[in-house]
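Asker:
Numbering (the numbering used here), first residue to last: 37 to 465.
(1) Starting from residue 91, follow the alpha helix (DSSP H) in both directions and report where the run begins and ends.
(2) Output yes or no for whether 8 Å exceeds the beta carbon distance between residue 302 and residue 312.
(3) Should the stretch 224 to 238 be regarded as contacting the stretch 76 to 88, the criterion being three or more beta carbon pairs within less than 8 Å?
(4) Whose CA, out of 223, 446, 425, 341, lies closest to the CA of residue 72?
(5) Is residue 449 helix, strand or coil when you go by DSSP?
(6) Among 416, 82, 379, whose alpha-carbon lies nearest the alpha-carbon of residue 339?
(7) Please indicate yes or no: does the CB of residue 98 lie closer than 7 Å to some heavy atom of the ligand HEM?
(8) In this structure, does DSSP put residue 226 in helix, strand or coil?
(9) Alpha carbon to alpha carbon, what distance is there between residue 332 and residue 57?
(10) Would you mind giving the Cβ-Cβ distance between residue 319 and residue 279, rounded to the nearest angstrom? I have them listed as a contact below 8 Å.
(11) Looking at the structure shown, is residue 29 part of a helix, part of a strand, or coil, going by DSSP?
(12) Residue 335 and residue 230 - do their beta-carbons sit closer together than 8 Å?
(13) According to the Cβ coordinates, are residue 391 and residue 364 closer than 8 Å?
(14) Let me know the secondary structure DSSP gives residue 321 once reduced to three states.
(15) With residue 120 and residue 109 assumed to form a contact (beta carbons below 8 Å), what rounded beta-carbon distance in angstroms separates them?
(16) Rounded to whole angstroms, what is the Cα-Cα separation between residue 69 and residue 308?
(17) Cα separation between residue 314 and residue 261?
(18) Taking the beta carbon of residue 269 as the centre, do at least 16 other beta carbons fall within 10 Å, making it buried, or is it exposed?
(19) Measuring straight from C-alpha to C-alpha, what distance separates residue 190 and residue 263?
(20) Less than 6 Å between C-beta atoms, sequence neighbours within five positions excluded: which residues of the same chain meet that for residue 324?
(21) What separation, rounded to the nearest whole angstrom, lies between the Cα atoms of residue 412 and residue 436?
(22) By alpha-carbon positions, which one of 116, 158, 433 ends up nearest to residue 122?
(23) Given a cut-off of 8 Å on the beta-carbon distance, is the pair residue 168 and residue 152 in contact?
(24) So, with DSSP's three-state summary, where would you put residue 402?
(25) Among the residues of its own chain, which have a CB less than 6 Å from the CB of residue 454, if the five just before and after it don't count?
(26) For residue 399, which residues in the same chain have their Cβ closer than 6 Å to its Cβ, ignoring the five residues on either side in sequence?
(27) Alpha carbon to alpha carbon, how far is residue 82 from residue 241? Give it in angstroms, no decimals.
(28) Inspect the beta-carbon positions of residue 84 and residue 464 and report whether they are closer than 8 Å.
(29) Leaving aside the five residues before and after residue 133 along the sequence, list all residues of the same chain whose C-beta is less than 6 Å from its C-beta, in chain order.
(30) Taking the beta strand (DSSP E) that residue 373 belongs to, which residues open and close that run?
(31) Given a cut-off of 8 Å on the beta-carbon distance, is the pair residue 135 and residue 180 in contact?
(32) From the DSSP output, in three-state form, read off residue 188 for me.
(33) In angstroms with no decimal places, state the Cα-to-Cα distance between residue 292 and residue 282.
(34) Just to confirm the assignment: which complete beta strand (DSSP E) runs, minimum length 3, are found wholly within the stretch 78 to 155?
(35) Determine whether the beta carbon atoms of residue 305 and residue 316 lie at a separation below 8 Å.
(36) Assuming residue 272 contacts residue 186 (C-beta within less than 8 Å), just tell me the rounded distance between them.
Next comes the structure, spelled out in structure tokens:
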């Protein structure tokens with residue numbers, strides 16, 4: 037991998053010490069819900085001017101942005117070894133500020149290819165990165181210096197499969213690595229270690245990496261962790277390979293749990309939290325919603341609705357004015373876009389076979405920016421009245437990387453298994 041070079045062309049409970057308008061410091065944005073604020077609506081889509089482009093390595097990790105700095109993960113060659121590497125760039129120019137390798141890259145041979153597969157996180161003066169094979173590392177935002185690192189397999193007894201997932205009978209898709217993004221609060225980082233004997237989730241001091249508590253015994257899935265106050269208890273919500281559960285953030289006590297078994301021992305979609313409700317979806321069990329409430333000295337998860345027919349494989353939906361928007365279908369096709377009533381779980385409308393099998397959805401007011409794994413970008417109206425396309429352009433090559441939209445610029449990374457990849461800043465207004 038050659039060094040980066042510039043091709044010049046015309047209270048979700050987080051401890052971010054300073055957040056600016058347009059910041060997207062972690063997986064799915066400031067509140068992990070895919071929503072952005074302060075952006076003017078777009079008047080359609082037309083091929084935007086490219087602010088800058090840089091060649092990058094392989095990998096499917098999402099992008100994050102804070103205080104004018106863009107953070108990206110990719111695969112590079114370091115001393116003859118292929119490494120997962122974090123790169124901080126100036127968001128205005130694309131010029132690299134620092135590059136730090138943090139884990140050896142796993143050489144997948146499937147369609148997604150090798151390299152990182154999880155979004156990093158910028159939290160104040162710290163950066164957190166997670167490797168496919170279970171490395172969790174803390175770097176400084178200023179210069180990328182390594183502060184600490186832990187290994188899920190070595191330190192917490194997690195099993196690394198690198199092949200078929202447990203319980204799949206050897207027929208399921210290969211396990212794609214540790215892809216569930218950890219989450220931070222003022223003092224701690226909560227990580228989906230996946231240790232099968234009491235360390236499914238771990239809480240670490242985010243400054244030192246020292247363990248505060250561990251809990252649970254499920255295998256880790258791919259869904260992002262969420263922090264929320266539900267039923268009066270501050271907790272971490274985790275969708276594992278087998279259950280949806282809440283763990284008290286102060287001590288790791290499991291407060292409630294609901295079975296959520298999926299095929300290939302995986303769950304991918306990040307839970308949607310609204311009030312005391314949690315909504316989850318899978319390609320196996322469909323979509324359901326629970327309300328978390330106090331019960332005696334503990335908590336219970338009361339099921340409000342379940343729609344077994346609306347199945348979502350990879351795409352995490354967004355919630356806008358009582359409706360969920362994202363990929364999901366009643367007929368088993370991953371490329372159908374649906375609008376679901378958040379209160380009832382009923383399908384309001386469905387657009388068939390327009391999209392590829394994965395899209396990233398960013399909500400800007402009553403508009404949706406939808407970036408597909410085929411590189412296409414759609415602008416949709418977010419309305420329960422029906423599907424309304426406002427524009428479509430080609431924004432990238434093949435990509436499963438979640439982009440960032442900030443101050444009228446879409447930052448998007450190619451994720452091709454073979455050939456050259458680019459990171460592009462594309463002006464949309």
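Note that the Cβ used here is the ideal one computed from N, Cα and C, for glycine as well.
Answerer: Considering the structure as presented:
(1) First-last for residue 91: 86 to 92, but that is the beta strand (DSSP E), not the alpha helix (DSSP H).
(2) no
(3) no
(4) 446
(5) strand
(6) 379
(7) In terms of ligand content, the structure shown is empty, and the ligand HEM therefore cannot be addressed.
(8) strand
(9) 42 Å
(10) The Cβ separation is near 17 Å, so there is no contact.
(11) Since the first residue shown for the chain is 37 and the last is 465, residue 29 is missing from the structure and cannot be characterised.
(12) no
(13) no
(14) coil
(15) 6 Å
(16) 7 Å
(17) 12 Å
(18) buried
(19) 26 Å
(20) 342
(21) 11 Å
(22) 158
(23) yes
(24) coil
(25) none
(26) 70, 71, 354, 356
(27) 46 Å
(28) yes
(29) 124
(30) 373 to 377
(31) yes
(32) helix
(33) 6 Å
(34) 86 to 92, 100 to 102, 105 to 114, 117 to 126, 132 to 140
(35) yes
(36) In fact, because the Cβ distance is near 17 Å, the residues do not count as touching under 8 Å.
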